[in-house]
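Notes to accompany the following structure.
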Amino acid sequence: MPEISIDDVQHIIDELEDINEERLRAKVQLEYEMKLLKKLGCSSLEESEKKLKEYDSKIDKVGAAVEEEFEDFIEDYGNILE
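Per our numbering: the sequence shown = residues 7 to 88.
Here's what the structure looks like:
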């Protein structure tokens, strides 16, 4: 039967402590993300992705409108700038 040294046991304890620290960090991160989802009015990751897509769509619409207005401006006043 192989002998187990105190160093072997300490090494295992250290590894378990590292794993526990990682677990605690992940738990804190998850809690933070859940609070953020609730602030967005979402109860799940899927809902938050849907909400973000809605915001992206609004941003795209505004961007397109600004581009169109800029092009109209250049058409109307471009000759003055030249």
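In this text, a Cβ means the ideal position worked out from N, Cα and C, and glycines have one as well.
Please read these numbers as outputs of a predicted model, since none were measured by experiment.
Can you list, in chain order, the residues of its chain whose CB lies under 7 angstroms from that of residue i, leaving out five sequence neighbours each side?
i, result
"Leu46", "Ser54, Lys57"
What are the boundary residues of the alpha helix (DSSP H) that includes residue i?
i, result
"Ile10", "Looking at the DSSP string, Ile10 is not in any alpha helix (DSSP H), and its letter there is neither H nor E."
Is DSSP giving residue i helix, strand or coil here?
i, result
"Ser54", "helix"
"Gly47", "coil"
Using a Cβ-Cβ cutoff of less than 8 angstroms, which residues in the same chain neighbour residue i once the five nearest sequence positions on both sides are dropped?
i, result
"Ser50", "Leu43"
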